[in-house]
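Participant: Mind having a look at this structure? Questions to follow.
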Amino acid sequence: MLFLSSLLLASASLAAAAPSRRSSSCKAHAVSLPTNSNGTPLPSPPAGLSLKYIGLGHGYQNYTCATAGSSPVATGALAILYDALPLYPGHSPSSLSLSSWLALPAAALSTPIALNLSPFTPHVALSAEGASVSPFPASPAPLSLTHSLPAIGKHFFDATGTPNFFVGPHDHMVATKLAAQNAPSDAPTGPHGEAAVTWLYLGDKGNSTGLSAVYRVETAAGQAHECTQAGEDSSVYAAFYFFYGAK
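Quick note on numbering: the sequence shown equals residues -17 to -1, 1 to 230 in mature numbering (1 follows the signal peptide of the UniProt record, and there is no 0).
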């Protein structure tokens, strides 16, 4: 059976991941994009752009299965974005150590997902692809981990299958995938053993405001379950999103 019950999970037993295969140049008051050694690295941020936000995304990766035994097809994602920039090592008085900061996506997996999802309605109807019911609360509560992380935005796929990010008071990214890299082999897994989704580099597809590039890194869980019947399914996930805009 499909793990539709994932929509109701408020907590899960997680396999924690060691950050030994990841690196990040954490100089005081400087922020560097994380890298990993599993395959070809993602391209560096384009010249002329600067970091504007680091969002900790927490939500669902959505999939559909044509039949039992078929390969699941990704149909989008839903996530609330929380402000992780003040916690970046050496960046502010509230900064965490590198190991504690890298552990935030895995820690988020064991917390409730703050989306308006009904257990009586297939999640595809709430996927922001022409849905009449908004999955995003008007004022999401902060994410409570080692620190309280306020919500700064949301991520969803629109009716054309295009990833969208609304961050801060005015910034909006309409994105297209430019590059992908496998997550580290020791990346955190989900409550049913779901592997981590790929790291991504996304560029501006057009009509974006204030943002030109976004990276999805330090992913935790999110890969699809096996298709045991036809229908839709969701997997919980978390990841850091690094947002860049013009200087």
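By construction, the Cβ of each residue, glycine as well, lies at the ideal position given by its N, Cα and C atoms. All of these numbers come straight from a predicted model, not from anything done at the bench.
Which of the three DSSP states, helix, strand or coil, is assigned to Pro146?
Facilitator: Strand, per DSSP.
Participant: Report the partner residues of Phe223 according to the DSSP bridge assignment.
Facilitator: Leu39 and Val200, per the DSSP bridge assignment.
Participant: Quick one: which unbroken alpha helix (DSSP H) runs of 4-plus residues sit fully inside the stretch 148 to 199? Chain order, please.
Facilitator: If we require 4 residues or more, the stretch 148 to 199 turns out to have no alpha helix (DSSP H) run fully inside it.
Participant: I'd like to know if the stretch 155 to 164 and the stretch 44 to 62 are in contact, where contact means that at least 3 CB-CB pairs between them fall below 8 Å.
Facilitator: Because the criterion of three Cβ pairs below 8 Å is not met, the stretch 155 to 164 and the stretch 44 to 62 do not touch.
Participant: Decide if Asn190 is buried, meaning its Cβ has at least 16 other Cβ atoms within 10 Å, or exposed.
Facilitator: Burial call: exposed.
Participant: Excluding the 5 residues preceding and the 5 following Phe225 in the sequence, name in chain order all residues of the same chain whose CB lies nearer than 6 Å to its CB.
Facilitator: Hits under 6 Å: Leu16, Ile37 and Tyr198.
Participant: Looking at Leu32 and Ser195, is the spacing between their C-beta atoms short of 7 Å?
Facilitator: Contact flag set, yes.
Participant: Whose C-beta lies closer than 8 Å to the C-beta of Lys230 among residues of the same chain, with five residues either side of it excluded?
Facilitator: For Lys230, where only same-chain residues beyond five positions count, the Cβ hits under 8 Å are Gly31, Leu32 and Ser33.
Participant: By DSSP, does Leu126 sit in helix, in strand, or in coil?
Facilitator: Leu126 falls in the strand class under three-state DSSP.
Participant: Using a Cβ-Cβ cut-off of 7 Å (strictly less than) and excluding sequence neighbours within five positions of Thr159, which residues of its own chain qualify?
Facilitator: Closer than 7 Å at Cβ, skipping near neighbours: Leu185, Gly186 and Lys188.
Participant: Could you have a look at Ala91 and say whether DSSP puts it in helix, strand or coil?
Facilitator: DSSP places Ala91 in helix when its eight states are reduced to three.
Participant: Taking DSSP as the reference, what is the three-state secondary structure of Leu70?
Facilitator: It is helical.
Participant: Look at the Cβ atom of Ala89, then the Cβ atom of Pro174, and state whether they are nearer than 7 Å.
Facilitator: In this structure, Pro174 does not lie closer than 7 Å to Ala89 by Cβ.
Participant: Using CA atoms only, rank isn't needed, just tell me which of Ser54, Val200 and Ala13 is closest to Ala213.
Facilitator: Selected option, being the one with the closest Cα: Ser54.
Participant: If you run the structure through DSSP and keep just helix, strand and coil, what is Ser82?
Facilitator: It is helical.
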